[in-house]
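Protein sequence lines, in the order shown, are assigned to chains A and B.
All the letters of the first sequence, read from the start, carry residue numbers 1 to 232 under this note's numbering.
All the letters of the second sequence, read from the start, carry residue numbers 1 to 232 under this note's numbering.
Below you'll find the structure, written out as structure tokens, and then a few comments.
Protein chains: 2
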Amino acid sequence: MNAPSATSPRRAIVLLSGGLDSATCLAIARDAGFDCYCLSLDYGQRHRVELEAAGRVAMALGAREHRVVRLDLAAFGGSALTDRNIDVPTAGADDGIPVTYVPARNTIMLSLALAWAEVLESRDIFVGVNAVDYSGYPDCRPEFVAAFERLANLATKAGVEGNRMTIHAPLIDLTKAEIIRQGSALGVDYGITVSCYQADEHGQACGVCDSCRLRRDGFHAAGVTDPTHYAA
Amino acid sequence: MNAPSATSPRRAIVLLSGGLDSATCLAIARDAGFDCYCLSLDYGQRHRVELEAAGRVAMALGAREHRVVRLDLAAFGGSALTDRNIDVPTAGADDGIPVTYVPARNTIMLSLALAWAEVLESRDIFVGVNAVDYSGYPDCRPEFVAAFERLANLATKAGVEGNRMTIHAPLIDLTKAEIIRQGSALGVDYGITVSCYQADEHGQACGVCDSCRLRRDGFHAAGVTDPTHYAA
Chain A
1 MNAPSATSPR RAIVLLSGGL DSATCLAIAR DAGFDCYCLS LDYGQRHRVE LEAAGRVAMA
61 LGAREHRVVR LDLAAFGGSA LTDRNIDVPT AGADDGIPVT YVPARNTIML SLALAWAEVL
121 ESRDIFVGVN AVDYSGYPDC RPEFVAAFER LANLATKAGV EGNRMTIHAP LIDLTKAEII
181 RQGSALGVDY GITVSCYQAD EHGQACGVCD SCRLRRDGFH AAGVTDPTHY AA
Chain B
1 MNAPSATSPR RAIVLLSGGL DSATCLAIAR DAGFDCYCLS LDYGQRHRVE LEAAGRVAMA
61 LGAREHRVVR LDLAAFGGSA LTDRNIDVPT AGADDGIPVT YVPARNTIML SLALAWAEVL
121 ESRDIFVGVN AVDYSGYPDC RPEFVAAFER LANLATKAGV EGNRMTIHAP LIDLTKAEII
181 RQGSALGVDY GITVSCYQAD EHGQACGVCD SCRLRRDGFH AAGVTDPTHY AA
């Protein structure tokens, strides 16, 4: 972590989904002293209440700015999170890559963060990917993050000019319980976050999808009271 | 180049801007026997006639499909191609990175191509980047393309499952004249392409911007008649 000095805060781009992980990631970036510019992607996801949650989280955790970029990934289809003809699975994680995987989502989000970073002359991007509880997603692994950092340093003016870009993935090796404990210690109010893949329009979680299950188990394992209202 | 067999054409994603380079790139992909799915980005560029040109080129060169994805990069600002407060330079290439550089554009476009490739189960992406005449852009260099290919193989289901993704950049080492000669041999009608950074609404080229200058010089050096109507 390249912590900036207190007198001249450095800017960081923080990818924010409205879920538990990215909220914790923002709290960590703020705690490290960064001025945080949060970016959310409106990619035609089913769980649009996530975007409202992202706005609440950005404000609650003192982000400098929050931008939502619209991009219609649903046009490509292929995921239960964007394609209404594919059911969201509720039976627990299978082997292999789950159907909730959105093609190239983290690659796209990091690319957009990179564009904004160049404009803001930020050299730090935070992303809340996690390889422990989501190991089925290829773009949540440490080798993916390292490859993107390498790319970022070849793709950009900053990189070419020798101002090294860093992709921070502070949650990558943490269990859900460890993430929740760390965020709680930093004052994150998880009651305003939404993890559910199929939350209703008020943000109420279904309680049965993979994401709800991981979240519920995480609070239990962390010994932290779960503020989520589950339907089931 | 992994040429597919004639009996079962493989699918390729081809990034298409409507300019001379990407039209040539599509012709090369078709000539190699790929079924081509063309992707253009509507990123709030000034030269929107490019997108119409992309549609004409896709049809003329027998693409299977052409999709335009909207993404408002202008929201981030920072380039003369998207920001109307920055003048398009006309005095020839400076040293260093030109102001017409769009932050992370090729990274973003390749990421979107990757998403569509995953959905179509395509393992081949074609991009018309060129390191000779555009050496000021960091994301047009061979090391950038290689880094993206590496990332693509870590980021995707196909890569994880051992189906190697290839990023084809067949123009990367060619001069503009060589590109024009190759495209002409493959039957590309350059009269329907638009390269100009500030073409008018009929697609007429200004004749003075860097892109027009490179194009004009390229036809001259190739000994091929330039079909472009320049205003100046």
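Note that the Cβ used here is the ideal one computed from N, Cα and C, for glycine as well.
CB of residue i within 8 Å of CB of residue j, strictly
i                      : j                      : result
residue 141 of chain A : residue 131 of chain A : yes
residue 27 of chain B  : residue 108 of chain A : no
residue 179 of chain A : residue 60 of chain A  : no
residue 15 of chain B  : residue 128 of chain B : yes
residue 56 of chain B  : residue 35 of chain B  : no
residue 76 of chain B  : residue 155 of chain A : no
residue 103 of chain A : residue 118 of chain B : yes
residue 201 of chain A : residue 49 of chain A  : yes
residue 216 of chain B : residue 226 of chain B : yes
Whole-angstrom C-beta distance between residue j and residue i, which should lie under 8 Å
i                      : j                      : result
residue 37 of chain B  : residue 71 of chain B  : Residue 37 of chain B to residue 71 of chain B, Cβ: 18 Å. No contact.
residue 20 of chain B  : residue 190 of chain B : 6 Å
residue 169 of chain A : residue 13 of chain A  : In fact, because the Cβ distance is near 13 Å, the residues do not count as touching under 8 Å.
residue 11 of chain B  : residue 122 of chain B : 4 Å
residue 125 of chain B : residue 172 of chain B : Residue 125 of chain B to residue 172 of chain B, Cβ: 14 Å. No contact.
residue 17 of chain B  : residue 54 of chain B  : 6 Å
residue 24 of chain A  : residue 188 of chain A : 6 Å
Per-residue burial, residue i [other beta carbons within 10 Å of its own, 16 or more giving buried]
i                      : result
residue 106 of chain A : buried
residue 253 of chain A : Lying outside 1 to 232, the shown extent of chain A, residue 253 of chain A is not represented and no answer is given.
residue 32 of chain B  : buried
residue 2 of chain A   : Below a pLDDT of 50, predicted positions are generally treated as unreliable, and residue 2 of chain A, at 48, falls in that range; the measurement from the model is reported next regardless. Exposed, because fewer than 16 other Cβ atoms sit within 10 Å of the Cβ of residue 2 of chain A.
residue 62 of chain B  : exposed
residue 185 of chain B : exposed
residue 95 of chain B  : Low confidence applies here, because residue 95 of chain B scores a pLDDT of 49, under 50, leaving its location unreliable and the question unanswered by this model.
residue 203 of chain B : buried
residue 162 of chain B : exposed
Given a limit of 9 Å on CB to CB distance, which residues of the stretch 104 to 117 of chain A reach chain B?
-> 104, 105, 106, 107, 108, 109, 110, 111, 112, 113, 114, 115, 116, 117
May I ask you to verify whether the stretch 161 to 178 of chain B touches the stretch 208 to 222 of chain B, counting CB pairs closer than 8 Å and requiring at least 3?
-> Enough Cβ pairs lie closer than 8 Å, so yes.
What residues in the stretch 49 to 73 of chain B bring their beta carbon closer than 8 Å to a beta carbon of chain A?
-> Here the close residues are 67, 69, 70, 71, 72, 73.
State whether the stretch 225 to 232 of chain A contacts the stretch 194 to 211 of chain A, with contact taken as three or more CB pairs (one from each stretch) at a distance under 8 Å.
-> yes
Positions along the stretch 11 to 26 of chain B whose CB lies within less than 7 Å of some CB in chain A = none
Where the stretch 125 to 146 of chain A meets chain B: residues whose CB sits under 8 Å from a CB there | So the close ones are 138, 139, 141, 143, 144.
Quick one: which residues of the stretch 154 to 174 of chain A get their C-beta closer than 8 Å to a C-beta of chain B? List them in chain order.
-> 154, 155, 156, 157, 159, 160
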